[in-house]
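For reference, the structure is listed below as structure tokens.
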Amino acid sequence: MRSGIRQRIRRLAVTGVALAAVGGIGFATAGSASAATGKNGTVEVGELGLYYTANYGFPVFDLYGADSNFSGDVFPGTSISANDNTESFWNRDTYTWWVFTNAGAGGSKGYLSPGYGNLSSTFKNTISSAYWYEP
0 MRSGIRQRIR RLAVTGVALA AVGGIGFATA GSASAATGKN GTVEVGELGL
50 YYTANYGFPV FDLYGADSNF SGDVFPGTSI SANDNTESFW NRDTYTWWVF
100 TNAGAGGSKG YLSPGYGNLS STFKNTISSA YWYEP
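For what it's worth, numbering that gives the first Met the number 0 labels the leading residue of the sequence shown as 0, then goes sequentially.
So, in structure tokens, the structure goes:
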């Protein structure tokens, strides 16, 4: 039940952002009580943060929802590509995230459980896509 609700909330958030971008609809935000959206350079509760350097050095590429291809993404506030450019992580979600060395869930697959750490040699500077996992 909880997984279905979470999935619906994420879909609604993505749909709302897309409508605002296309239709010019404005949103009123509730400040710190607003939902996490990702890709803003701040790892909020419910997000996965992928850091450019080891030991959580900035900048950080933060995800709230799945991203099947990092090639068009940059670390917020920089021109540094997020594709194949991460050395550590902070998973502030309650779910484990899957990460892959190729776009579209291809290549080597790894798991990032809630918490933080430096990436293994298999995933250091090789992550190209990520998906949250619900058991």
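For every residue, glycine included, the Cβ atom is placed at its ideal position computed from N, Cα and C.
Alpha carbon of residue i to alpha carbon of residue j, nearest angstrom
| i | j | result |
| --- | --- | --- |
| ASN90 | SER78 | 23 Å |
| ASN39 | SER107 | 27 Å |
| ASN101 | ASN82 | 9 Å |
| ASN124 | ASN68 | 14 Å |
| ALA53 | LEU118 | 8 Å |
| TYR130 | ALA35 | 16 Å |
| THR95 | SER80 | 24 Å |
| THR93 | ASP66 | 18 Å |
| GLY114 | ILE126 | 18 Å |
Selection from the options that minimises the alpha carbon distance to residue i
| i | options | result |
| --- | --- | --- |
| THR85 | ALA35, SER70 and GLY45 | SER70 |
| GLU133 | SER112, LEU118 and GLY48 | SER112 |
Burial state of residue i (16 or more Cβ within 10 Å)
| i | result |
| --- | --- |
| SER128 | buried |
| VAL98 | buried |
| GLU46 | buried |
| GLY103 | exposed |
| PHE48 | Note on identity: in this sequence residue 48 is Gly, with Phe being the wrong assignment. Result: buried. |
| ARG7 | At ARG7 the pLDDT is 48, less than 50, meaning the model places this residue with poor confidence; the figure from the coordinates comes in the next sentence. Label assigned to ARG7: exposed. |
C-beta atoms of residue i and residue j nearer than 8 Å
| i | j | result |
| --- | --- | --- |
| VAL42 | ASP61 | yes |
| PHE88 | GLY116 | yes |
| THR121 | GLY105 | no |
| GLY37 | GLY76 | no |
| VAL59 | TYR50 | yes |
**Item:** 3-residue-minimum beta strand (DSSP E) runs that sit fully inside the stretch 47-105, ordered along the chain
**Value:** 47-52, 56-62, 87-90 and 95-101
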